[in-house]
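Numbering-wise, this note's numbering comes out as the position in the sequence shown, counting from 1, plus 23. Beneath this line is the structure, given in structure tokens, with notes to follow.
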Amino acid sequence: MNGASANRFERPLVAWLGDDFTGAAAVMEVLSFAGLPSILYLSPPGPEALAESKGLMGIGVATLARSQSPRWMEGNLPPIYEFLDQTGAEFAHYKICSTLDSSPQVGSIGKAIDLGRQHFGAHAVPVITAAPEMRRYQAFGSLFCSAADGVHRLDRHPVMAHHPVTPMAEADVARHLAEQTETPTGCIDLEDFRDGRANKKIASAPDIWTLDMISAEQQVEVGKLLWDRRRDSRFVVGSQGVEYALVSYLRSQGLIEFPRPLPSLGRDDSFAVVSGSASPTSASQIAWARQNGFAPIRLDVARLLGPDPSIVEDQALSAAKEANAAGTPPIVFTAEGPDDPALRQVRDLMGGDMDRANDLIGRSLGRIMRALVTDLGLSRIAVSGGDTSGRVCEALGIYALEAAAPTIPGAAICRARTEGALDGMEIALKGGQMGSPDYFGWVRDGGGTRA
Numbered sequence: 024m025n026g027a028s029a030n031r032f033e034r035p036l037v038a039w040l041g042d043d044f045t046g047a048a049a050v051m052e053v054l055s056f057a058g059l060p061s062i063l064y065l066s067p068p069g070p071e072a073l074a075e076s077k078g079l080m081g082i083g084v085a086t087l088a089r090s091q092s093p094r095w096m097e098g099n100l101p102p103i104y105e106f107l108d109q110t111g112a113e114f115a116h117y118k119i120c121s122t123l124d125s126s127p128q129v130g131s132i133g134k135a136i137d138l139g140r141q142h143f144g145a146h147a148v149p150v151i152t153a154a155p156e157m158r159r160y161q162a163f164g165s166l167f168c169s170a171a172d173g174v175h176r177l178d179r180h181p182v183m184a185h186h187p188v189t190p191m192a193e194a195d196v197a198r199h200l201a202e203q204t205e206t207p208t209g210c211i212d213l214e215d216f217r218d219g220r221a222n223k224k225i226a227s228a229p230d231i232w233t234l235d236m237i238s239a240e241q242q243v244e245v246g247k248l249l250w251d252r253r254r255d256s257r258f259v260v261g262s263q264g265v266e267y268a269l270v271s272y273l274r275s276q277g278l279i280e281f282p283r284p285l286p287s288l289g290r291d292d293s294f295a296v297v298s299g300s301a302s303p304t305s306a307s308q309i310a311w312a313r314q315n316g317f318a319p320i321r322l323d324v325a326r327l328l329g330p331d332p333s334i335v336e337d338q339a340l341s342a343a344k345e346a347n348a349a350g351t352p353p354i355v356f357t358a359e360g361p362d363d364p365a366l367r368q369v370r371d372l373m374g375g376d377m378d379r380a381n382d383l384i385g386r387s388l389g390r391i392m393r394a395l396v397t398d399l400g401l402s403r404i405a406v407s408g409g410d411t412s413g414r415v416c417e418a419l420g421i422y423a424l425e426a427a428a429p430t431i432p433g434a435a436i437c438r439a440r441t442e443g444a445l446d447g448m449e450i451a452l453k454g455g456q457m458g459s460p461d462y463f464g465w466v467r468d469g470g471g472t473r474a
């Protein structure tokens with residue numbers, strides 16, 4: 024969509040709060056590549072951000088809420104909700120992971136909803152977790168997600184059912200949320216949409232409504248429901264399925280254009296990756312890279328958590344620089360899949376305190392990447408792992424992102440905004456469970472729409 028089309032809207036379409044960095048960037052991607060210019064701030068923005076983002080259709084703020092406690096949310100979410108409110112956007116969106124990562128103790132979506140209803144009003148809150156473009160589906164209340172071997176119900180998913188922090192034991196989204204809030208929850212299912220009951224039902228008793236969505240056609244229906252209720256239900260919760268649905272409906276009404284293929288940014292062999300993910304997907308991407316001209320370099324996390332962490336960092340950094348000098352893009356990684364022995368060693372060393380371990384490891388990867396970027400003059404990098412992405416962006420002084428080129432849905436190449444010499448650097452952030460096996464090669468080659 025060109026700028027003239029964007030001006031059909033008198034205010035931003037969506038202002039969102041992402042509960043992790045990669046997920047927050049995914050919303051920006053959906054909007055930007057639909058022709059709706061957007062920006063994502065990586066820390067709570069000051070008053071000047073409202074002026075800087077004037078004329079944009081999407082304004083987001085990334086947080087680490089997915090890994091935080093309800094008490095942390097009480098202290099940190101309300102000021103960001105206030106910022107979202109001040110943008111005047113049609114929708115204020117609390118963005119969650121499309122695999123529903125959360126529990127009553129960590130990343131509580133229910134707590135975020137309660138705080139949102141306190142700020143935006145006690146209206147019905149639609150929850151759209153499904154995103155068919157990403158092979159995430161909700162049918163009769165239950166969430167189904169893809170994996171390498173097909174689509175699984177969430178509680179039987181080979182990764183999410185065994186997540187180290189928030190294992191998913193319940194596929195019914197409303198039931199899962201009901202464990203995190205006392206606000207009544209319900210489901211608007213496929214039959215409600217088919218029989219025309221959805222709009223009437225969402226205005227009735229329960230205050231949280233999960234919405235079924237399994238196809239592109241139903242994205243349009245969900246988008247229409249959101250659009251028609253934007254005055255009564257401005258605060259919405261969900262994955263980037265919220266934006267996919269809105270974009271689908273607005274396209275159907277001729278309010279925004281259909282997408283065109285987006286070109287590659289061009290290949291950049293002076294490129295580096297850090298990975299703090301232990302997912303099977305990330306392991307397959309590291310394996311592909313090993314066979315296709317990359318140099319995987321293990322960061323010895325057991326030694327990193329010992330008495331001499333700087334020595335371990337320096338060894339990994341030195342190996343990465345040697346690879347770069349030889350014309351081979353380095354990948355500094357911490358584990359190859361959930362069964363990597365390094366994970367057990369870390370648990371034993373930290374007495375099971377994986378939150379602290381992940382924080383220390385993420386900060387180390389951030390320092391390594393900063394040294395690579397500044398010492399080698401890199402202009403494109405990639406990061407695997409949601410928490411790791413946050414730490415790397417922090418280390419690089421990135422305060423905002425803008426989408427530059429697509430790769431897989433939810434992990435575009437972005438341009439970074441910083442106050443210094445790194446302004447304009449290209450960075451791709453992806454969640455651990457996301458992406459094709461050749462993802463790192465795709466980013467090195469500059470992304471772009473694939474046939």
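The C-beta atom is built at its ideal place from N, Cα and C for all residues, glycine as well. Values in this document were obtained by computation on a predicted structure and should not be read as measured data.
What first and last residue would you give for the beta strand (DSSP E) that runs through residue i?
i: H180; result: Counting along the chain, H180 falls outside any beta strand (DSSP E), and DSSP gives it neither H nor E.
i: E193; result: Element bounds for E193: n/a, residue is neither H nor E.
i: E113; result: Careful: E113 lies outside any beta strand (DSSP E) and carries neither H nor E.
i: V150; result: 148 to 151
i: R159; result: 159 to 162
i: Y64; result: 61 to 64
i: V297; result: 294 to 298
i: I450; result: 449 to 453
i: A428; result: 423 to 428
i: G41; result: 37 to 41
i: S169; result: 165 to 170
i: R321; result: 318 to 321
With a threshold of 16 other CB atoms inside 10 Å of the CB of residue i, please say whether the residue is buried or exposed.
i: A301; result: buried
i: N381; result: buried
i: A444; result: exposed
i: T397; result: exposed
i: Q141; result: exposed
i: W39; result: buried
i: N315; result: exposed
i: S227; result: exposed
i: D212; result: buried
i: N25; result: Legend: pLDDT at N25 = 38, less than 50; position of this residue unreliable, value from coordinates given subsequently. By the 10 Å Cβ count, N25 comes out exposed.
i: S333; result: exposed
i: N30; result: Reliability fails at N30, whose pLDDT of 45 lies under 50, so the model's placement of it is uncertain and no value is given.
i: E359; result: buried
i: E113; result: buried
i: A239; result: exposed
Could you check how far apart the C-beta atoms of residue i and residue j are, in whole angstroms? I think they sit under 8 angstroms.
i: F294; j: P352; result: 5 angstroms
i: G81; j: L36; result: 6 angstroms
i: D230; j: A145; result: 7 angstroms
i: T45; j: G454; result: 5 angstroms
i: F356; j: I404; result: Rounded, the Cβ-Cβ distance is 14 angstroms, inconsistent with contact.
i: F67; j: F106; result: Per the sequence shown, the amino acid found at residue 67 is Pro instead of Phe. That pair is a contact at about 7 angstroms.
Would you kindly check if the distance between the Cβ of residue j and the Cβ of residue i is under 7 angstroms?
i: V196; j: V129; result: no
i: R440; j: A426; result: no
i: I400; j: G289; result: Strictly speaking, residue 400 in this sequence is Gly, with Ile absent from that position. Against a cut-off of 7 angstroms, the Cβ pair of G289 and G400 comes out as no contact.
i: Y117; j: G83; result: no
i: S262; j: T152; result: yes
i: S305; j: S298; result: yes
i: R379; j: A418; result: no
i: L13; j: P149; result: No information on residue 13 is available, as it lies outside the stretch 24 to 474 that the chain covers here.
i: A428; j: G471; result: yes
i: Y267; j: Q241; result: no
i: I384; j: V296; result: no
i: A47; j: A74; result: no
i: M51; j: L65; result: no
i: G264; j: W232; result: no
i: L328; j: L285; result: no
i: D172; j: A194; result: no
For the alpha helix (DSSP H) holding residue i, just list the boundary residues, first then last.
i: C416; result: 409 to 419
i: P332; result: 332 to 348
i: A154; result: That residue, A154, is in no alpha helix (DSSP H); it is neither H nor E in DSSP.
i: Y267; result: 264 to 275
i: K77; result: Neither: K77 is in no alpha helix (DSSP H) and is coded neither H nor E.
i: A57; result: No alpha helix (DSSP H) contains A57, which DSSP labels as neither H nor E.
i: P284; result: Segment: none, P284 is in no alpha helix (DSSP H) and carries neither H nor E.
i: H142; result: 132 to 143
i: G443; result: That residue, G443, is in no alpha helix (DSSP H); it is neither H nor E in DSSP.
i: R393; result: 377 to 399
I'd like to confirm something about residue i: is its beta-carbon nearer than 6 angstroms to some heavy atom of the ligand ATP, or not?
i: F463; result: This structure lacks the ligand ATP; in fact it carries no ligand of any kind.
Self-check item: Cβ pair count under 8 angstroms reaching 3, the region 175 to 189 against the region 457 to 467
Solution: no
Quiz prompt | the region 385 to 395 touching the region 410 to 419, judged by at least three CB pairs closer than 8 angstroms | solution = Contact annotation: the region 385 to 395 touches the region 410 to 419, with at least three C-beta pairs closer than 8 angstroms.
Quiz prompt | Three or more C-beta pairs below 8 angstroms linking the region 315 to 325 and the region 337 to 344 | solution = yes
Exercise. Could you tell me whether the region 131 to 138 touches the region 104 to 123, where touching means 3 or more Cβ pairs closer than 8 angstroms?
Key: yes
Quiz item: Does the count of Cβ pairs from the region 89 to 98 and the region 157 to 177 closer than 8 angstroms reach three?
Solution: no
Exercise. Count the C-beta pairs between the region 165 to 181 and the region 95 to 103 that are closer than 8 angstroms, then say yes if the count reaches three, no if not.
Key: no
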